[in-house]
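Heads up, the sequence shown is in this note's numbering, so the first residue is 5 and it goes up one at a time.
Glycine is no exception: its CB is placed at the ideal position from the N, C-alpha and C atoms.
This one's a predicted model, so the numbers in the text were calculated from it and none came from an experiment.
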Amino acid sequence: MANVVLTNPAGVLHMTVSELARVSRSSVGSVVRFCQDLGLKGYQEFKLQLASEIPVGEESGVSHTETSGSIVSEVFQSTARAISEGEASIDPNEFQRAVSVLDKADRILLVASGQSSPIALDTALRFRSVGLEVNHPGDPVSQHIASSMLGPGDACLAISHTGRTKATVAAAESARESGAAVVSVTSFYRSPLVAASTVALVAGSGETRFQIEAMMSRFVHLAVLDALYSAITAENPERTLKGAARAAQAEEMFRD
Numbered sequence: 005m006a007n008v009v010l011t012n013p014a015g016v017l018h019m020t021v022s023e024l025a026r027v028s029r030s031s032v033g034s035v036v037r038f039c040q041d042l043g044l045k046g047y048q049e050f051k052l053q054l055a056s057e058i059p060v061g062e063e064s065g066v067s068h069t070e071t072s073g074s075i076v077s078e079v080f081q082s083t084a085r086a087i088s089e090g091e092a093s094i095d096p097n098e099f100q101r102a103v104s105v106l107d108k109a110d111r112i113l114l115v116a117s118g119q120s121s122p123i124a125l126d127t128a129l130r131f132r133s134v135g136l137e138v139n140h141p142g143d144p145v146s147q148h149i150a151s152s153m154l155g156p157g158d159a160c161l162a163i164s165h166t167g168r169t170k171a172t173v174a175a176a177e178s179a180r181e182s183g184a185a186v187v188s189v190t191s192f193y194r195s196p197l198v199a200a201s202t203v204a205l206v207a208g209s210g211e212t213r214f215q216i217e218a219m220m221s222r223f224v225h226l227a228v229l230d231a232l233y234s235a236i237t238a239e240n241p242e243r244t245l246k247g248a249a250r251a252a253q254a255e256e257m258f259r260d
């Protein structure tokens, strides 16, 4: 099995656990034990760790010799594959816990920076539109101050691809120390952000050869947050309808 991984690491990233078992002439159980022997929780975390260690140019993706048409196809296929891998890595029990925490929170603070900032901004807007009390300060200092002002009954939703963004981790730790619950969305199990979280939603995938910072993970995290939004709206239909009505009224004011 180790020979298969060392010989074709990029190919392994796109194999299911059953496919790797077949190619390595072993069993699914052997693959899982192999991952656990490396100190990982399972196959999905193994693939995430493997993806982070493949040098630029080794992983499948868009090359400089491809045509525009093939690039479009490859990007869409990579995105679909990333979302599928992300879905498989989410723990359903953790997801339900995250829904419960956010649905019952008196206030929700969203913290993120860098490439995750647009995702947080979109999430804050959507959550507000269904009646949730959400705050998303635009800069890390304001986020940290806001996190220190949370308390029991509040929640902090922290988003970071690596789970190691200093400002985001610091805000999450501050929120936890203040008594708030911390829900994180990240791509790596073994990260400071997961360690600081009450509930961690870990979902990620390998990048393409362009290695644009967390490109595929942005799509995955958007899908995770969209799933949270949908589940939360279903938890409290009355609040959702009232919030949606207020949002529609606000939007009407700015239409031509």
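In the DSSP assignment, I112 forms a beta bridge with V138 and A159.
The beta carbon of V8 lies closer than 6 Å to those of V27 and S28 in the same chain, with the five residues before and after it left out. Within the stretch 189-249, the runs of alpha helix (DSSP H) that reach at least 4 residues and sit entirely inside it are, in chain order, 196-199 and 219-239. DSSP places A84 in the helix class (H, G or I) of the three-state scheme. Straight through space, the alpha carbons of A25 and S34 are spaced by roughly 8 Å. Sequence-distant Cβ neighbours of M153 in its own chain, meaning closer than 8 Å and more than five residues away, are S182.
Ranked by Cα distance from A150, the first of L54, S178 and L129 is S178. Distance from the CA atom of G90 to the CA atom of Q53, rounded to whole angstroms, is 14 Å. Ranking D107, F50 and A84 by CA distance to the CA of S191 puts F50 first. Annotated three-state conformation of S28 is coil, per DSSP. When rounded, the separation of the alpha-carbon atoms in A176 and Q253 is 34 Å.
Per the Cβ contact rule, the stretch 115-122 is not in contact with the stretch 191-206 (fewer than 3 Cβ pairs under 8 Å).
In this structure the stretch 105-116 lies against the stretch 130-140, because at least three pairs of beta carbons, one per stretch, are closer than 8 Å. With fewer than 16 other Cβ atoms from the protein chains shown falling within 10 Å of its own Cβ, F258 counts as exposed.
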